[in-house]
Ligand SMILES: Nc1ncnc2c1ncn2[C@@H]1O[C@H](COP(=O)(O)OP(=O)(O)OP(=O)(O)O)[C@@H](O)[C@H]1O
Ligand SMILES: [Mg+2]
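Numbering (my numbering), first residue to last: 42 to 542.
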């Protein structure tokens, strides 16, 4: 998002003006933030100090008087020294979350917070993950530092190009469009990661040119994979591959332009996204993929189940991290498949209700307040575990219910599934088959086509109508075995959602 950076800086600027005493900056990028804080300190006419466990308090810009640097390596001493500073300052505490494991330090920080409310000094904690003891939660304001903007990355690319050209270490041959494509590909990386990716591209053949796009994209999918929660999803299925669901498809057609500049000028907000509820196998996941293809946006899948896995840090922090990466990829379609799985704990039942509720809260707040063009497609097929807050207005643009396909829709789906497998639908009695497949889901219709193909293949023959009829007769649709569940789902959806067809 183009203005993410100024917005975060503006927020920070306002907090400093408003004398927020304690601010936590969540970021991997110490160097970049340090540079930004340098500018900020200058514009406020303040000193910029830094604390690290190895060096204690020292001045990055301006002066530091009356502090015993050696002594200030000890966290409590450092905090007390900050409380006695003469000049208005910004004080950056690095890795301080480790020190917060001690109760005396926590107390000292709270006391400092109170004291600084009437001073012109701000303490900034910085770290890659948010780690705060409960006692401090209300005293510390948290800012997620967004990843570098396209402009930042373009600047980096220019700097690198200048340096390597000057030293004749490599040849740089990029048109404006190619440079923009490289920058677009690097968007979502930290400055250091982007620098490494560009350096790697150069090192391979001593050239930086349009051909390096692939490599940069690969680096980025690595980074996204490393986050453990997000996954790039390559798909070529489009809305033409979705049978039926005419209301939903029409809605999507009409929203297509909604991310454009023209739509903003018209006074429209950025689209938020959709919640798709419905019977299993009726095309929720398929629709999510088709939206991305049709709108020509990348598709990124968020695995809610893994947020709680506990393997990669705290759940809440994991989600924040994922959100930051996704926002940096915007415009993008974010597919949150089976959202109810991740939120199961939020409505009670699990031992870690507190964690689930907080994670869920983070997600809801983001859904409500996000301004980046991230179109969220959440899907769910179990209503029992859906917390009512998720359904409230303002979270999604619309909630659609996807029911079992009608006869006409079944015909449509069979048509699509046959075409996908290189068969001419006109050669098969689809109207007849549609009537015989009452209660079949889209997935089951697909399965009918697939098993008919297997039979034909085993017979050493081309696919014929009787193979399809056989396959239909052999299928017992889930909607029949689970009729009660489907009925409940429909009743529930009637008053709360919009029908997709
Ligand atoms: N409306 C449809 N049109 C065409 N194909 C469909 C449709 N619905 C389902 N299918 C086929 O069935 C497959 C499975 O559907 P999909 O995964 O989208 O269902 P789902 O609603 O996400 O189910 P679940 O609740 O089990 O996740 C699709 O990949 C597609 O091939
Ligand atoms: Mg699905």
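Backbone N, C-alpha and C define an ideal beta-carbon position, used for all residues, glycine too.
*So residue 444 packs on residue 319, CB below 8 Å; how close in whole Å?*
7 Å
_Quick check on the DSSP output: the beta strand (DSSP E) that includes residue 415 runs from which residue to which?_
415 to 421
*State buried or exposed for residue 112, treating a residue as buried only when at least 16 other CB atoms are found within 10 Å of its CB.*
exposed
_Near ligand 1: residue 420 beta-carbon under 7 Å from a heavy atom_ = yes
*Hey, would you say the C-beta of residue 444 is under 7 Å away from at least one heavy atom of ligand 2?*
no
_Let me check understanding here. Comparing Cα to Cα, which of 339, 506 and 480 lies closest to residue 470?_
506
_If you measure between the beta carbons of residue 147 and residue 176, is that distance less than 8 Å?_
yes
*Which first and last residues belong to the alpha helix (DSSP H) in which residue 536 is found?*
524 to 537
*Round the Cβ separation of residue 551 and residue 521 to the nearest angstrom and send it over; I've been treating them as touching at under 8 Å.*
One cannot answer for residue 551 here, as it falls past the ends of the chain, which runs 42 to 542.
*Would you mind listing the beta strand (DSSP E) stretches within the stretch 283 to 321 that are 3+ residues and don't spill past its ends, in chain order?*
314 to 319
_Alpha-carbon to alpha-carbon, residue 232 and residue 500_ = 60 Å
*Is it the case that the Cβ atoms of residue 59 and residue 92 are separated by a distance below 8 Å?*
no
*May I ask you to list the residues that DSSP assigns as paired with residue 272?*
342
*In three-state terms, what does DSSP make of residue 143?*
coil
_Alpha carbons only, please: which of 509, 480, 171 and 429 is nearest the one belonging to residue 459?_
509
*residue 105: which of 328, 80, 430 and 129 sits nearest, CA to CA?*
129
*Give the range of the alpha helix (DSSP H) segment to which residue 241 is assigned.*
232 to 246
*Is residue 52 helix, strand or coil when you go by DSSP?*
helix
*Does the beta-carbon of residue 307 have 16 or more other beta-carbons within 10 angstroms, so that it is buried, or is it exposed?*
exposed
*According to DSSP, which residues form a beta bridge with residue 163?*
131
*Between residue 358 and the rest of its own chain, which residues show a CB-CB distance below 6 Å, the 5 nearest in sequence each way excluded?*
170 and 171
*asked:* For ligand 1, is there any heavy atom lying closer than 7 Å to the beta carbon of residue 99?
replied: no
*Is it buried or exposed for residue 139, if we count other Cβ within 10 angstroms and need 16 for buried?*
exposed
*Taking the C-alpha atoms as reference points, what is the distance between residue 331 and residue 282?*
8 Å
*Could you round the C-beta distance between residue 90 and residue 98 to whole angstroms and report it? I think they count as a contact, below 8 Å.*
6 Å
*Which residues mark the beginning and the end of the beta strand (DSSP E) in which residue 93 is found?*
88 to 93
*Between which two residues does the beta strand (DSSP E) containing residue 204 stretch?*
Careful: residue 204 lies outside any beta strand (DSSP E), inside the alpha helix (DSSP H) at 191 to 207.
*Quick one: Cα of residue 64 to Cα of residue 165, how far?*
5 Å
_residue 378: CB within 7 Å of a non-hydrogen atom of ligand 2_ = yes
*Please confirm whether residue 446 and residue 457 have their CB atoms less than 8 Å apart.*
no
*asked:* Please state the DSSP three-state secondary structure of residue 540.
replied: strand
_Quick check: is any heavy atom of ligand 2 less than 7 Å from the C-beta of residue 125?_
no
_CA-to-CA distance, residue 137 to residue 387, given in whole angstroms_ = Unreliable positioning characterises residue 387 in this predicted model, as indicated by a pLDDT of 46, which lies under 50. A coordinate reading is not provided.
*asked:* What does the alpha-carbon distance come out to for the pair residue 311 and residue 413?
replied: 8 Å
*Based on the DSSP output, what are the partners of residue 99 in its beta bridges?*
91
*Which residues in the same chain as residue 624 place their Cβ atom closer than 8 Å to its Cβ, once the five residues preceding and following it in sequence are excluded?*
The structure shown does not extend to residue 624, since the chain spans only 42 to 542, so no value can be given for it.
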